[in-house]
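The structure appears below as structure tokens.
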Amino acid sequence: MRLVKFLAHAGIASRRQCEELVRNGQVKVNGSIITEMGFKVEPGVDRVEFAGKIVNSEQTMVYLLLNKPPGYICSAYDPQGRPTVLEMVKDIDQRIYPVGRLDFDTSGLIILSNDGDFTNLMIHPRYEIKKSYEAWVQGNVKDEELLLIRTGMLLEDGPTAPAECTVLSREANRSLIEIQIHEGRKRQVKRMCAAIGHPVTSLQRTKIAFLSINGLQEGCYRHLSLSEVAALKECAGLKH
Ligand code: URA
6 MRLVKFLAHA
16 GIASRRQCEE
26 LVRNGQVKVN
36 GSIITEMGFK
46 VEPGVDRVEF
56 AGKIVNSEQT
66 MVYLLLNKPP
76 GYICSAYDPQ
86 GRPTVLEMVK
96 DIDQRIYPVG
106 RLDFDTSGLI
116 ILSNDGDFTN
126 LMIHPRYEIK
136 KSYEAWVQGN
146 VKDEELLLIR
156 TGMLLEDGPT
166 APAECTVLSR
176 EANRSLIEIQ
186 IHEGRKRQVK
196 RMCAAIGHPV
206 TSLQRTKIAF
216 LSINGLQEGC
226 YRHLSLSEVA
236 ALKECAGLKH
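Take the sequence shown: its letter number 166 is residue 171 in my numbering, and every next letter is one higher.
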């Protein structure tokens, strides 16, 4: 990582101010003053000093909650050139990435972060973080058809865990259902609905654990508070 970026990530100052600090000979790496702008350091290995103190190599953790519109891909780069969720995020210096996935055509809540341990807690099925979805499906869903979703059903990659499911609205040829799952297998909600004979026509993730989509406009994001991050970790059973 470039020395200037390392300093900025560690929260010393803005990137431009960090350039100034390096140019002025105020930064040492492994005991030697470095003024070269492109100088590279290895975080956790090289000893970086500023103002007589060692600069912590841990970078500032960032946690954002974004309401994804349909038509964005949940990865840092798409070989097909489709827009990525990261393109909606401005003013964040850290290299963040989506925590889990929503399909290209699915909308709703997605967390973006640079914290690998946190990401694992959020997406590993072992930690059972609940996610709620609202799905418009074809046809008129009968209560008994939801039993399969509620008790667990067999998909081609194995049985699903029991999931909460209710019908929110019924119209002539379509129904709106709410499903809460904690497994996060690929296209899971769409496959579950198709398996009971009601293919999904549009899907939105409305909740991740206690975080709700209410008040967050599509295409917008907000920082999670420290207490929200701590509470999410607790939801995953990690006391700290
Ligand atoms: N289930 C799906 O089928 N698609 C998503 O994007 C998320 C959950």
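Here a beta-carbon is modelled for each residue, glycine too, at the ideal position from N, C-alpha and C. These figures come from a predicted structure and were not determined experimentally.
Residue i Cβ short of 7 Å to the ligand URA heavy atom set
i, result
"residue 194", "yes"
"residue 108", "yes"
"residue 208", "yes"
"residue 77", "no"
"residue 111", "yes"
"residue 226", "no"
"residue 82", "no"
"residue 138", "yes"
DSSP-derived helix/strand/coil call for residue i
i, result
"residue 20", "helix"
"residue 194", "helix"
"residue 146", "coil"
"residue 244", "Low confidence applies here, because residue 244 scores a pLDDT of 36, under 50, leaving its location unreliable; read the following figure in that light. Note: residue 244 maps to coil in three-state DSSP."
"residue 117", "strand"
"residue 80", "coil"
"residue 111", "coil"
"residue 128", "helix"
"residue 177", "coil"
"residue 44", "coil"
"residue 216", "strand"
"residue 161", "coil"
Residues sharing a beta bridge with residue i, DSSP
i, result
"residue 226", "71"
"residue 169", "185"
"residue 89", "78"
"residue 55", "32 and 58"
Below 8 Å, can you find three or more Cβ-Cβ pairs linking the region 208-225 to the region 162-171?
-> no
Segment contact flag, the region 149-167 with the region 220-236, C-beta cutoff 8 Å, min 3 pairs | no
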